[in-house]
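Engineer: Residue numbering for the sequence shown follows this note's numbering, starting at 570 and increasing by one per position. Backbone N, C-alpha and C define an ideal beta-carbon position, used for all residues, glycine too.
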Amino acid sequence: MRDIHEAAFAGDIETVRRLLDDGADPDVKASNLDGRWLSCEDHPTPLHCTLIAHDFGERHLEIVRLLLANRAQVRESHIKDFCVEASGSKHDTAAWKLLRERAPPLNLSDEAPWDQVQAQLRSRAGKD
Numbered sequence: 570m571r572d573i574h575e576a577a578f579a580g581d582i583e584t585v586r587r588l589l590d591d592g593a594d595p596d597v598k599a600s601n602l603d604g605r606w607l608s609c610e611d612h613p614t615p616l617h618c619t620l621i622a623h624d625f626g627e628r629h630l631e632i633v634r635l636l637l638a639n640r641a642q643v644r645e646s647h648i649k650d651f652c653v654e655a656s657g658s659k660h661d662t663a664a665w666k667l668l669r670e671r672a673p674p675l676n677l678s679d680e681a682p683w684d685q686v687q688a689q690l691r692s693r694a695g696k697d
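1) Using alpha carbons as the reference points, say which of R634, S656, P615 and D596 lies closest to H623.
2) Would R644 be called buried (16 or more neighbouring beta carbons within 10 Å of its own) or exposed?
3) Taking contact to mean at least 3 C-beta pairs separated by less than 8 angstroms, is the region 624-633 in contact with the region 591-599?
4) Note down the Cα distance separating P673 from H617, rounded to an integer number of angstroms.
5) Any idea what DSSP makes of I621, helix, strand or coil?
6) By the three-class DSSP mapping on this structure, what secondary structure does D661 have?
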């Protein structure tokens with residue numbers, strides 16, 4: 570059986586929903602740091618695993634919504650890693666908006682990858 574991190578990374582909405590309905594913590598940190606999570610600053614949460622999926626699309630965006638609806642906390646590391654992985658697709662832009670609505674005040678402008686992706690996503694979102 571998949572854990573919530575694996576299900577989130579794979580875009581398995583049904584499993585993520587079932588696990589949350591069964592009481593899974595949306596902020597639980599992964600205890601197994603296999604190769605998929607090497608880019609993460611810390612042990613990743615389900616939200617983190619969703620955001621770094623290489624095939625981020627509609628399923629992953631729905632999982633972001635589901636995790637946030639279940640009170641997942643948005644951390645600075647989520648924003649940083651998502652912006653490094655983001656391609657600027659419509660799903661990335663929608664996820665960016667959701668994250669920014671929930672994110673604590675962040676000061677990330679000193680990091681070059683952040684600046685480039687942030688500008689691209691803001692432009693696509695019409696906030697330039």
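Structural biologist: In short:
1) S656
2) buried
3) When Cβ pairs closer than 8 angstroms are counted between the two stretches, the region 624-633 is seen not to touch the region 591-599, the count staying below three.
4) 16 angstroms
5) In the structure shown, the three-state DSSP call for I621 is coil.
6) In the structure shown, D661 sits in a helix (DSSP, three-state: H, G or I).
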